[in-house]
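The numbers in our numbering rise by one with no breaks, and the one at position 14 of the sequence shown is 49. Reviewing the structure listed below.
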Amino acid sequence: MESDRTLAALGNEYNPDILRAADEPHSAQEFSEMLDIPIATCYRRIEELTAAGLLELHDRVLSDEHRRTNVYRREVDKIVISFDEDDYNVAVTERPEVKNKLDDVWRQIAHD
Numbered sequence: 036m037e038s039d040r041t042l043a044a045l046g047n048e049y050n051p052d053i054l055r056a057a058d059e060p061h062s063a064q065e066f067s068e069m070l071d072i073p074i075a076t077c078y079r080r081i082e083e084l085t086a087a088g089l090l091e092l093h094d095r096v097l098s099d100e101h102r103r104t105n106v107y108r109r110e111v112d113k114i115v116i117s118f119d120e121d122d123y124n125v126a127v128t129e130r131p132e133v134k135n136k137l138d139d140v141w142r143q144i145a146h147d
């Protein structure tokens, strides 16, 4: 992950809110409704976060309207930005795969 790209993505309006909400998989429509973000803006922000490696396409699920819908989940658990005299550092802690699998199992159990 590039530090500049990460910082740029974090600096755009709504992106931090989407990342916080993306602990569990959600569609663009769900993010839009939960966070009161215009849907077109939500799609653009999801694209930026995905390109920066902060959000991932988690699955394609069947919506209530019986259409395939992309759902996204946060790819990272923590981002730490530090500054020194000459530069800055962006340390990204990726979300462990085991955590993703456990979340998926719990989500499946809850829906059954």
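Glycine included, C-beta positions come from ideal geometry on N, C-alpha and C.
What residue from the options has the CA that sits closest to residue i's CA?
| i | options | result |
| --- | --- | --- |
| R79 | D119, A57 and E48 | E48 |
| E100 | Q64, T41, R55 and D52 | Q64 |
| A56 | A43, Y107, D122 and R40 | Y107 |
| D112 | P73, E59, F66 and L70 | E59 |
Does the Cβ of residue i have 16 or more other Cβ atoms within 10 Å, making it buried, or fewer, making it exposed?
| i | result |
| --- | --- |
| E37 | exposed |
| R61 | Position check: residue 61 holds His in this sequence, whereas Arg was assumed. That one is buried. |
| R109 | buried |
| E120 | exposed |
| L90 | buried |
| H93 | buried |
| N124 | exposed |
| A86 | exposed |
| T128 | exposed |
| L54 | buried |
Counting only beta-carbon separations shorter than 8 angstroms, does residue i have a partner in chain C?
| i | result |
| --- | --- |
| E59 | In the structure shown, chain C cannot be found, because there is only a single protein chain. |
Pop quiz: residue i and residue j are said to be a contact at Cβ under 8 angstroms. What is the actual Cβ separation, rounded to whole angstroms?
| i | j | result |
| --- | --- | --- |
| E82 | N50 | Contact doesn't hold; Cβ gap of about 11 angstroms is too wide. |
What are the uninterrupted segments assigned as beta strand (DSSP E) that are 3 or more residues long and contained completely in the stretch 45–98, given in chain order?
DSSP runs (the beta strand (DSSP E)) wholly in the stretch 45–98: 90–97.
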